[in-house]
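Taking the working numbering, the leading residue of the sequence shown gets 5, the next gets one more, and so forth.
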Amino acid sequence: PAVATAELVTAARSAGRGIAAFNVITLEHAEAITAAAEAAGLPVVLQISENAVAFHSGRVEPVLAGTAAVARAASVPVALHLDHVESEELLRAGVAAGASSVMFDASKLPYEENLRATARMVEWAHRHGAWVEAELGEVGGKDGAHAPGVRTDPAEAAAFTAATGVDALAVAVGSSHAMTDRSARLDHALIAELRAAVPVPLVLHGSSGVPDEELRRAVAAGMVKINIGTALNIAFTGAVRDHLAADAAVVDPRRYLRPARDAMSAVAGHMLRVVAGSPA
Ligand code: G3H
Ligand code: ZN
C-alpha cells in the first residue's frame, strides 16, 4: 500500500535501520523498485526529482499518478516523495497531486536565504500535511561536478533545523551525486556529530557511489534515509546497451526494457537489504 514517507522514516529510525529511497524516472523504475521491495519484504520510498519532472515535459501529475498506482498495488509499504525540488510551484503541485513528502532544495543559496526560503516552504507544507526534507551544505555532483569535499557544519545544521522546522536534513558528509563507481569514503565522525547535534533524521544523498560497508556504517552512525539513483540507471542502461548490441533487428521496446527493468530490480534488491541491515 501507499504510505507516508514520515511513517517509514520514523519506523526505520526507531528500529536503528535505514530506509532506501530510489529515484524514479520511468514507469519501469517504479515497477522494478517495488518488485524488489516486495521480494525483500521491505518498505521503500519512490522519489521523483524536479529533473525527472522536467523530463516528463514539466508535468508532475502523470509520472506521480503512475508511480502512486504501483505503490498502492504493492504488498509492502511504499511512500511517494518529491526529490530536489527548487521550484515552489512544483512543490505545491506535487503535494496537491499526492506526494506525501518533498525535499525542498535551496542548498545553492547562501545560508540565510536557504533558511528563509526553507522555513516558508515548511510552513506551507505542514499546513498541507506534507513532510519536508531540506539540504544544508550542498552535496556535490548535481551539475556534473563532483565535490565530495563539502561538509555540513553540525552547529549550523542544528540552528538551521530549529529555525526552519524541517522534518529531515540532507547533509554533506563525503558522498557526491551521480558517481558511476563506488569509491566514496564517508566522514563517519562527522555523521556521529551531526546525529548528536540534529534532532531530525539525517539523509544521505549520492549513495550510488558509496560502498556497501560504508553505507552500513553510515546507517549505524545515524543516517536514516538513503537516496539512490545512479546505481539503477547504470543497470538499466547497461542492460539496454547489451540487448541492442546483441540484437540489431529488435523493434519492440519491451524486448530491451524487460531486461533493463530486471537489472534495476536486482540492484534495488541488493541496496534495500544493505540499507535495512538485512543479510544480502
Ligand atoms: O537525490 C537523489 C540521490 O541523492 C541520488 O544520488 O544518483 O548519486 O545515487 P545518486
Ligand atoms: Zn540527491
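Note that CB positions come from ideal geometry on N, CA and C, so glycine has one too.
Proximal residues to residue i (C-beta, below 7 Å), its chain only, five neighbours per side dropped
i      : result
Asp191 : Arg155, Val177 and Gly178
Glu35  : Val74 and Arg265
Pro152 : Gly144, Gly178, Ser179, Ser180 and Ala188
Gly92  : Note that residue 92 corresponds to Glu in the displayed sequence, not to Gly. For Glu92, where only same-chain residues beyond five positions count, the Cβ hits under 7 Å are Met125.
Leu276 : Ala24, Ala40, Ala41, Ala44, Leu46 and Val48
Pro205 : Val13, Arg17, Ala172, Val228 and Lys229
Arg76  : Pro5 and Ala6
Ala58  : none
Supposed contact pair residue j and residue i - C-beta distance, whole angstroms, cut 8 Å
i      : j      : result
Glu218 : Ala172 : The Cβ separation is near 20 Å, so there is no contact.
Leu31  : Gly70  : 5 Å
Ala161 : Leu198 : 6 Å
Gly233 : Ala196 : Gly233 to Ala196, Cβ: 26 Å. No contact.
Leu236 : His33  : 6 Å
Gly141 : Val175 : 6 Å
Phe26  : Ala272 : 6 Å
Ala83  : Thr38  : With 8 Å as the limit, Ala83 and Thr38 do not qualify as a contact, their Cβ atoms being about 11 Å apart.
Range of the contiguous beta strand (DSSP E) that encloses residue i
i      : result
Asp87  : Val82 to Val89
Leu50  : Val48 to Ser53
Ile238 : No beta strand (DSSP E) holds Ile238; the alpha helix (DSSP H) holding it covers Thr234 to Ala250.
Arg253 : In the sequence on display, residue 253 carries Ala and not Arg. Counting along the chain, Ala253 falls outside any beta strand (DSSP E), and DSSP gives it neither H nor E.
Ala25  : Ile23 to Asn27
6 Å Cβ shell around residue i - same chain, five flanking residues per side excluded
i      : result
Arg21  : Ala280 and Gly281
Ala243 : Pro263, Ala264 and Ala267
Val80  : Ala41, Glu42 and Pro47
Trp135 : Thr9, Ala10, Ser105 and Asp171
Asp216 : Val278
Extent of the continuous alpha helix (DSSP H) to which residue i belongs
i      : result
Val74  : Glu65 to Ala77
Leu94  : Glu92 to Ala100
Val106 : Taken as a continuous stretch (DSSP letters only), Val106 belongs to no alpha helix (DSSP H), being part of the beta strand (DSSP E) at Ser105 to Phe108.
Ile37  : Leu31 to Ala44
Ala16  : Thr9 to Ala19
8 Å CB neighbourhood of residue i in its chain, flanking five on each side removed
i      : result
Glu117 : Ala110
Thr165 : Leu173, Val202, Pro203 and Val204
Let me know the alpha helix (DSSP H) ranges lying completely inside the segment 110-139, each 4 residues or longer, listed in chain order. 115-131
Only counting runs of 3 or more residues, tell me where the beta strand (DSSP E) segments fall wholly within the segment 133-216, in order along the chain. 135-140, 172-175 and 206-208
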